[in-house]
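K.L.:
If you count the sequence shown from 1, you need to add 530 to reach this note's numbering.
Heads up, the beta-carbon is just placed ideally off N, CA and C, and yes, glycines get one too.
Here you go, one structure.
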Amino acid sequence: MEIKYCKKCLMPSSRPRIVFDNEGVCNACKHAENKYEKINWDTRREEFLKLIEPYRRKDGYWDCVVPWSGGKDSSAIAYRLKFEFGMHPLLVTFSPQLPTEIGNHNREAMIQLGYDHIYFRPDQKIHRHLAKRFFIERGDQKVAWTAGINAIPVKVAMKFKIPLVFYAEHGESEYGGKVLSEEHRKMRDFTEVVEHQIGDDPSNWVDDMVTINDLNPYTYPAVEELKEAGLKAMYFGYFFKWSMQNNYEFIKDKIDFKVHPKGRTPGTVTSYDSLDDKSDNLYYYMQFIKFGFGRAVRDVSRMIQNNQISREEGLELAKKYDGEFCSEYLKDMLEYINLTRKEFNAIVDKHRNPEVWKKENGKWQLRYPLQ
């Protein structure tokens, strides 16, 4: 497998499901071109206003659910829904694996503006078992967590009979992936989520320690139940020009939004993204191990696509920071999944893709370095 890099951003062809055109440009960059050159955002805004009007409540009951981490993106959405569009959102959080003080602070700062909030923390014995199992099997300790953050907001919406859910952006469109249809850019398809984000149906995770009942926090309601409930799950980023930088600039003016105290998060150039979970550093490092690109390539590619920096500037930054191993929180993470450092190192190397990596003079090197 020869790895190629997008001619406009830095995304490699090793990113799962990404598509390149004949000119070597990835579909995330083509989507960005549409965002800035073709889409009429005034029309999209009008479409959004027509969408929410039938759901708007006057009796104080919640009229929509926002899956909410307390980060810049979901907080920007929650703020706009409440204060710009007059909606009454219920915020729903599936607990980070290892919550950080920064994440706790940012959530509390937002809640104090006047929101109702449900914070769901799953059975930790089961969650830690699944985290360890999937780190060993897939090099990703957040597989079950990803299922939970998708399933719980939907279950809450159905439980409280709230027919509208607002997710952030359609990741397959924004960052390069398989877009099943134009409708999927706007409306969430739960089958797509299971296949692309989680990898398989959580009901398959039964083992000697985990029963089917233990998996309730991670499994979606049946399609028939969703249809019967009339639940509509939409992507906010379809209606408004999506940019993580703009979301940060927006929310930092509304609340005391804290960023990484060292000025940038390890492994990347930004300081304001994925701050709420001590597990995230390892998650992005394993992305680098498995696919040959890490957090810096991800972030600078988004910055290039949103016209914040040039490809040359992004390349320089990515070469400096991508794949940077950070021991911050590693001790906490190893305790959480009950592994020694020696066991951890062996698992990391097991997931190192031989089509991506080669060993020279005792050191691992990318077969196809950034260019």
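(1) At what residue ranges does the region 825-895 contain a whole run of the alpha helix (DSSP H), taking only runs of 4 or more?
(2) Could you have a look at Lys762 and say whether DSSP puts it in helix, strand or coil?
(3) Does the distance from the CB of Glu692 to the CB of Trp592 come in under 9 Å?
(4) Taking DSSP as the reference, what is the three-state secondary structure of Cys539?
(5) Rank Lys655, Arg610, Gly824, Lys716 by C-alpha distance to the C-alpha of Leu739 and give the top, closest one.
(6) Shorter than 8 Å, the distance from the beta carbon of Cys559 to the closest heavy atom of the ligand FAD, or not?
(7) Determine the direct distance from the alpha carbon of Asp806 to that of Pro629, and round the result to whole angstroms.
(8) Can you check whether the CB of Gly824 is closer than 9 Å to the CB of Ser544?
(9) Going residue by residue through the region 592-664, where are the continuous beta strand (DSSP E) segments of at least 3 residues, counting only ones entirely within it?
(10) Might you give, ordered along the chain, the residues of its own chain that have their beta carbon closer than 7 Å to the beta carbon of Asp783, omitting 5 neighbours on each side?
(11) Does DSSP put Tyr697 in a helix, in a strand, or in coil?
(12) Taking the C-alpha atoms as reference points, what is the distance between Arg715 and Glu890?
(13) In the DSSP assignment, find the unbroken alpha helix (DSSP H) run with Gln775 in it and report its ends.
(14) Hey, Tyr802 and Met774: beta-carbon distance below 9 Å or not?
(15) With a threshold of 16 other CB atoms inside 10 Å of the CB of Arg651, please say whether the residue is buried or exposed.
(16) Can you give me the C-alpha to C-alpha distance between Asp719 and Leu812, rounded to a whole angstrom?
(17) If you draw a straight line from the C-alpha of Thr795 to the C-alpha of Tyr814, how long is it?
(18) Taking 8 Å as the threshold, find out whether the region 840-854 comes into contact with the region 550-568 through three or more Cβ pairs.
(19) Going by DSSP, which residues form a beta bridge with Cys556?
(20) May I have the straight-line CA-CA distance separating Lys788 from Trp772, to the nearest angstrom?
P.N.:
In terms of the structure at hand:
(1) 825-835, 841-851, 860-866, 871-880
(2) strand
(3) A small fix is needed here, since residue 692 is Ile in this sequence, not Glu. Against a cut-off of 9 Å, the Cβ pair of Trp592 and Ile692 comes out as a contact.
(4) coil
(5) Before going on, a small fix: residue 739 reads as Met here, not Leu. The shortest Cα separation from Met739 among Lys655, Arg610, Gly824, Lys716 belongs to Lys655.
(6) No copy of the ligand FAD occurs in the structure displayed, which carries no ligand at all.
(7) 6 Å
(8) no
(9) 594-597, 619-624, 646-650
(10) none
(11) strand
(12) 43 Å
(13) 774-782
(14) yes
(15) exposed
(16) 28 Å
(17) 11 Å
(18) no
(19) Phe550
(20) 21 Å
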